[in-house]
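See below for the structure under consideration.
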Amino acid sequence: MEFSALPGVVLRVFGGFPALAVFCTVFALAFDLMKRWKKCSNYPPGPRALPFLGNLLQVDLHTPHLSFAKLRKKYGDVMSLDYGWTNMVVLSGYKALKEALVKKSEDFAGRPDLPIYKKAFKQFGEGIVLAKYGDWWKEQRKFALSTLKNFGLGKKCLELRIVEEAGFLNQAFEGEQGGPFDPRISLTYATSNIICSIIFGDRFEYNDKWFLGFLHIIAESFVLEGGFWGQVMNVLPFVQYLPGPQQKLFENQVKITQFLNDIVIKHKESWDPDDPRDFIDAFFTQQEKVKHIPNTSFQESKMVVTLWGLFTAGTETTSTTLNWALLFMVLHPDVQSQVHEEIDRVIGNGRKPKLEDREEMPFTNAVIHETQRLGNIVPISLPHETCRDTEVMGYTIPKGTTIFPNITSIMYDEDIWLTPREFNPGHFLNSDGMFVKPEAFIPFSAGHRVCLGEQLAKTELFIFFTSLLQHFTFFLPENEPRPNFREAKYGFTLCPLPYRLCAETR
């Protein structure tokens, strides 16, 4: 080849790259547009989405509930967002949530795929909490509800078990001898022991270092799964293969499933079908009854993730609520004094609290409910998914759309609460001082996916809180900064930042 011909060859070889780059860019943008295209003309409004990222840069994944509140002001109670290529609709305000979760409950009863769980749950299935809506989910939820009732839910025997555990919790607080301490650990032990007694048939001592380590893993996983990295991996699943802090999430999931699987295996070795001790034994018994049915939902491997859901939901939300309650008591000693007065008048110090006392203690009941409201324990409910094309507030939402029920929008609604950003038990009291609960108060969500343990949580909250306030006066340690309840740590639950208090025996 002559030297003079080289420029022409180079131009032919490399000159096509700009055109190829343009073609690839146009193709990628067209593909992105196709993935993002809404197949209905009456889709809810929302901010303009960026190619590939969608609205990810417009939502702070560290505090998405705060971002939703800002965007709601512009786009309304039914708002669309794109997380990558995932079509989402955020529902805010009681009217929208009631229409979707209650009036059209079956339309919104689905659960989207959550990539953060696929890796760890591949062997064990999805469990009740994460399962798709269908016959499997219906059968397992029905079984779970009936089994929880059989093992005490709503019965006096479970109430006595909670009262007994409240005694152990009081002993743990007494052991601090009036000095400053973080109440979170003991509260977590107490609430976890109740659900442990139901599903495992046993409880753990408060000085059990191994179990404390396990609870730490559970708490850490909650923050990771519901926080920034969990949300990123649900939108961009490839991130799970990259090095980084998100790998800790998968390590914890493996440890949790292994712990639960070991318990299941040990249970089976001593299982007596004629004498079920707990939820696991009841599952084995039912599995034996239906083993002749093809594709039965009662499969041992899938029980592990159901146990995970029951354990975490039965521990984290209740202990976090109690943690908020004690924080509000030390920040509002006048409210604490009123609770003390009501306890002294109704219960005194000669007997232990019981659930039926709640009817005669409207102020204490109001304090607990106000804690749930202002603490805003679950700011955004677990995502739902539409099972069919449907409508909410006049907007069309296609089948397969991910739905985020924005619980925060109700808890801080200025049209419902007189002082939505302040701790005010009066929100749950009428002019005669009697307890009232607004219809819009739905901390446990609503509809088909309402929390399985709602009744258990209500019983625990009243007995644990009342027992603690019967025995102690709580106050802030001297020379320590005053905690700011407006600052909180976001995961699947909204937790107060670590704080210390002192407990003085009354």
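Following numbering that gives the first Met the number 0, the numbering of the sequence shown begins with 0 at its first residue and continues without gaps. Backbone N, C-alpha and C define an ideal beta-carbon position, used for all residues, glycine too. Computed from a predicted structure; not experimentally measured.
Asked: Enclosing beta strand (DSSP E) for Thr85 [first to last residue]; Found: Thr85 to Leu90
Asked: Proximity to Asn405 [Cα-Cα], best of Pro44, Asn41 and Lys94; Found: Lys94
Asked: Euclidean distance between Cα positions of Ile292 and Glu268; Found: 24 Å
Asked: Sequence-distant residues of the same chain with beta carbon closer than 6 Å to Phe26, five excluded per side; Found: Bear in mind that a pLDDT of 49 at Phe26, under 50, signals an unreliable position, so the number given afterwards is only what the model happens to contain. If we look at Phe26 and ignore the five residues flanking it on each side, it has no Cβ neighbours.
Asked: 7 Å Cβ cutoff met for Thr492 and Thr317; Found: no
Asked: Secondary structure of Phe26, DSSP reduced to three states; Found: Confidence at Phe26 is low in this model, with a pLDDT of 49, below 50, so its placement is unreliable and no value can be given for it.
Asked: Any 3 or more C-beta pairs closer than 8 Å across the segment 68 to 79 and the segment 420 to 432; Found: no
Asked: Cβ-Cβ distance between Gly494 and Thr319 below 7 Å; Found: Per the sequence shown, residue 494 should be read as Cys rather than Gly. In contact: Cys494 and Thr319 (Cβ atoms closer than 7 Å).
Asked: Which listed residue (Arg448, Leu460 and Phe463) has its alpha carbon closest to that of Gly133; Found: Arg448
Asked: Sub-7 Å separation of Thr400 and Val88 beta-carbons; Found: yes
Asked: Residues sharing a beta bridge with Glu204, DSSP; Found: According to DSSP, Glu204 bridges with nothing at all.
Asked: Those residues which DSSP pairs with Leu433 across a bridge; Found: According to the sequence shown, residue 433 is Met rather than Leu. Beta-bridge pairing links Met433 to no other residue.
Asked: Proximal residues to Gln57 (C-beta, below 6 Å), its chain only, five neighbours per side dropped; Found: Pro46
Asked: DSSP state of Ser50 mapped onto helix, strand, coil; Found: With the sequence shown as reference, residue 50 is identified as Pro, and Ser is not the correct amino acid for it. The answer is coil: DSSP assigns Pro50 none of H, G, I, E or B.
Asked: Per-residue DSSP class, three states only, for Asp112; Found: coil
Asked: Anticipated Cβ contact below 8 Å, Leu500 with Leu325, distance rounded; Found: 6 Å
Asked: Whole-angstrom distance between Ile216 and Gly243, CA atom to CA atom; Found: 18 Å
Asked: Three-way DSSP call (helix, strand, coil) for Glu384 in this model; Found: strand
Asked: Assigned secondary structure, Tyr74 (DSSP; H/G/I helix, E/B strand, else coil); Found: helix
Asked: Cα-Cα separation between Leu157 and Phe150, rounded to whole angstroms; Found: 8 Å
Asked: Cβ pair count under 8 Å reaching 3, the segment 284 to 299 against the segment 198 to 213; Found: no
Asked: Candidates Pro361, Glu503 and Lys398, of which the one nearest Leu467 by Cα; Found: Glu503
Asked: Where Leu451 falls: helix, strand or coil (DSSP); Found: coil
Asked: Val304 in three-state terms, based on DSSP; Found: helix
Asked: Distance, Tyr82 Cα to Phe51 Cα; Found: 9 Å
Asked: Pick from Leu455, Asp414, Asp431 and Lys457 that is closest to Ala439, judged by C-alpha positions; Found: Asp414
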